[in-house]
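Asks: Those letters in the sequence shown? Residues 15 to 340, per our numbering, in order. A virtual CB, placed ideally from N, CA and C, is assigned to each residue, including glycine.
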Amino acid sequence: MFMDKRKKIEEPVAFELGRFKEEFASSLQSEIRHLQNAIDQIMNYNGKHVRPLLLLLTSKACGNVTENAITSAVLIELLHTATLIHDDVVDETKQRRGISSLNAIFDNRVSILVGDYVLSTALVRSIQTGNLRIISIISDIGRHLAEGEIKQLETAEESILDETCYLQVIRKKTALLLSACTEIGALAADAPEETVARCREFGEYLGYCFQIKDDIFDYYKDINIGKPTGNDIREGKITLPLLYALKQGRGEEVAGLTDIIVRKDFTEENVDKLIRFSIENGGIDYATKRMNEFKEKAVMLIATLPNSKAKESLLLLADYILERTK
């Protein structure tokens with residue numbers, strides 16, 4: 015069912031998405047054997063390419079998919095790929111989408127250098143657009159992503175259990191990157207400034223949805239998502255379902271669980287206890303409710319775009335982000 019829906023979403027930009035995939039693959043080539051081996055591994059990740067798809071659909075919905083839109087889709091995916099490589103090193107993650115991560119196959123030194131290479135390739139691509147606003151957006155996103163990761167580390171280290179702080183982290187880590195996709199898509203189509211602003215905000219709300227959905231996955235053992243259940247909690251990342259549950263639970267029980275978090279005593283038994291507590295105290299329901307609120311705000315923002323197949327696909331993509339199973 016999800017594959018059929020995904021195909022329908024891609025339909026208005028199927029040709030352009032094919033161009034993106036070709037250019038993305040050709041942009042990562044090296045004569046250095048170690049580097050090319052790592053690049054081959056990156057290509058095996060076979061990601062969902064949600065970000066370039068979002069950019070291309072926005073561009074189409076705002077008028078037309080230009081060469082700049084395709085170039086921008088490539089650079090956005092390169093930037094995203096670089097951050098994933100660096101994140102795996104920081105988080106000591108050994109799997110990426112069900113297969114071994116770069117740092118598991120090589121080592122941290124090689125992984126960091128490969129991440130830098132991919133990031134530099136993204137910057138070269140941004141210059142190729144010849145659009146200073148696009149270059150500026152990409153530069154800002156690089157800073158926001160780094161700030162988001164450091165803020166998350168800080169939050170985990172200090173055991174800050176606050177929903178506002180959580181939203182600040184996912185805004186910088188995820189929401190602003192999707193916001194850049196929709197803003198650049200509109201800019202590449204020469205959309206009016208008001209439309210560019212609405213598209214930018216549309217992407218940001220979708221980004222909140224995307225990250226909250228990812229965080230919900232961490233609380234279920236029976237979903238094949240390519241990472242261990244409870245992994246976020248083990249790393250001290252306390253996400254929305256548990257944050258809400260801790261506010262709703264009974265005083266004595268909450269005190270005991272908070273003590274586990276502060277002491278970072280994340281044994282298998284304690285992680286299971288925190289997951290079970292989150293589910294039993296409405297954490298998943300609350301996170302789902304918040305996710306739907308962000309989605310409704312996103313949908314309202316693009317209501318004024320002209321009716322088109324691309325606009326329909328943007329709305330379907332919003333549904334897909336909430337309904338996906340991995």
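1. For a quick check, are the C-beta atoms of Ala-96 and Lys-108 less than 8 Å apart?
2. If Lys-74 sits next to Ala-324, beta carbons under 8 Å apart, how far is it from one beta carbon to the other, in whole angstroms?
3. Applying the 10 Å Cβ sphere with the 16-neighbour rule, what's the burial state of Lys-21?
4. Buried or exposed for Arg-65, going by 16 or more other Cβ atoms inside 10 Å?
5. Can you give me the C-alpha to C-alpha distance between Gln-306 and Arg-47, rounded to a whole angstrom?
6. Residue ranges of each alpha helix (DSSP H) run of no fewer than 4 residues wholly in the region 27-81, ordered along the chain?
7. Nearest-angstrom Cα distance between Tyr-59 and Cys-213?
8. Given this structure, state the Cα-to-Cα distance separating Ser-78 from Thr-188, to the nearest angstrom.
9. Return the CA-CA distance between Val-183 and Gln-166, expressed in angstroms with no decimal places.
10. What number of angstroms, rounded off, separates the C-alpha of Arg-157 from the C-alpha of His-100?
11. For Gly-296, which of Gln-262, Cys-223, Ile-126 and Leu-42 has the nearest alpha-carbon?
12. Would you tell me roughly how many angstroms separate the C-alpha atoms of Lys-19 and Asp-154, rounded to the nearest one?
13. Assuming contact is defined by CB atoms lying nearer than 8 Å, are Lys-227 and Leu-67 in contact in what I supplied?
14. Going by C-alpha to C-alpha distance, which of Lys-35, His-63, Tyr-222 and Leu-159 sits closest to Glu-310?
15. Please go through the same chain and pick out, in chain order, the residues whose beta-carbon is closer than 7 Å to the beta-carbon of Ile-237, but skip the five residues on each side of it.
16. When you compare only the Cα positions, how much space is there between Leu-71 and Gly-265?
17. Grouping DSSP H, G and I as helix and E and B as strand, with all else coil, what is Ile-99?
18. Counting only beta-carbon separations shorter than 8 Å, does Leu-319 have a partner in chain D?
19. Quick check on this structure: which residue in Leu-93, Leu-288 and Phe-29 has the alpha carbon closest to the alpha carbon of Ile-4?
20. Beta carbon of Val-88, beta carbon of Glu-24: below 8 Å?
Replies: To lay it out plainly:
1. As a working mapping, residue 96 is identified with position 82 in the sequence shown. As a working mapping, residue 108 is identified with position 94 in the sequence shown. No, the pair does not count as a contact, with Cβ atoms beyond the cut-off.
2. On the sequence shown, position 60 is the one that residue 74 refers to. On the sequence shown, position 310 is the one that residue 324 refers to. That belief holds up - the Cβ atoms of Lys-74 and Ala-324 are roughly 4 Å apart, short of 8 Å.
3. In the sequence shown, counting from the first residue as 1, residue 21 sits at position 7. Classification for Lys-21: exposed.
4. Counted from its first residue, the sequence shown places residue 65 at position 51. Buried, since its Cβ has 16 or more Cβ neighbours within 10 Å.
5. Translated into the one-based positions of the sequence shown, residue 306 becomes position 292. Translated into the one-based positions of the sequence shown, residue 47 becomes position 33. In the sequence as presented, Gln is not what sits at residue 306; that position holds Asn. Distance between the alpha carbons of Asn-306 and Arg-47: 46 Å.
6. 28-41, 47-58 and 64-75
7. Position 45 of the sequence shown, counted from the start, is the residue given in the question as residue 59. Position 199 of the sequence shown, counted from the start, is the residue given in the question as residue 213. Approximately 29 Å between the Cα atoms of the pair.
8. Your numbering for residue 78 matches position 64 in the sequence shown. Your numbering for residue 188 matches position 174 in the sequence shown. Residue identity differs from the one stated: residue 78 is Asn in this sequence, not Ser. Going by the C-alpha atoms only, they are around 26 Å apart.
9. Position 169 of the sequence shown holds residue 183. Position 152 of the sequence shown holds residue 166. The straight-line gap from Cα to Cα measures roughly 6 Å.
10. Counting from 1 along the sequence shown, the entry for residue 157 is found at position 143. Counting from 1 along the sequence shown, the entry for residue 100 is found at position 86. Distance between the alpha carbons of Arg-157 and His-100: 14 Å.
11. Residue 296 sits at position 282 when you count from the first residue of the sequence shown. Among Gln-262, Cys-223, Ile-126 and Leu-42, the Cα nearest to that of Gly-296 is on Gln-262.
12. As a first step, residue 19 is located in the sequence shown; it is residue number 5 there, counting from the start. As a first step, residue 154 is located in the sequence shown; it is residue number 140 there, counting from the start. Lys-19 and Asp-154: Cα-Cα distance of roughly 33 Å.
13. Residue numbering aside, residue 227 sits at position 213 when the sequence shown is read from its first letter. Residue numbering aside, residue 67 sits at position 53 when the sequence shown is read from its first letter. Against a cut-off of 8 Å, the Cβ pair of Leu-67 and Lys-227 comes out as no contact.
14. Position 296 of the sequence shown, counted from the start, is the residue given in the question as residue 310. It is Tyr-222 whose Cα lies nearest to the Cα of Glu-310.
15. Here the question's residue 237 lines up with position 223 in the sequence shown. Residue confidence is low: Ile-237 scores 49 on pLDDT, short of 50, so the model does not pin down where it sits. Its coordinate-derived value is still stated next. Excluding positions up to five away in sequence, the list reads Phe-231, Thr-339 and Lys-340.
16. The residue given as residue 71 occupies position 57 in the sequence shown. The residue given as residue 265 occupies position 251 in the sequence shown. Approximately 48 Å between the Cα atoms of the pair.
17. Start at 1 with the first residue of the sequence shown, and residue 99 comes out as number 85. Looking at Ile-99 - three-state DSSP - the assignment turns out to be helix.
18. The displayed structure is made up of one protein chain only, and chain D is not part of it.
19. The structure shown has nothing for residue 4, since the chain only spans 15 to 340.
20. Within the sequence shown, residue 88 is the residue found at index 74, counting from 1. Within the sequence shown, residue 24 is the residue found at index 10, counting from 1. Their beta carbons are not under 8 Å apart, which means Val-88 does not touch Glu-24 by this criterion.
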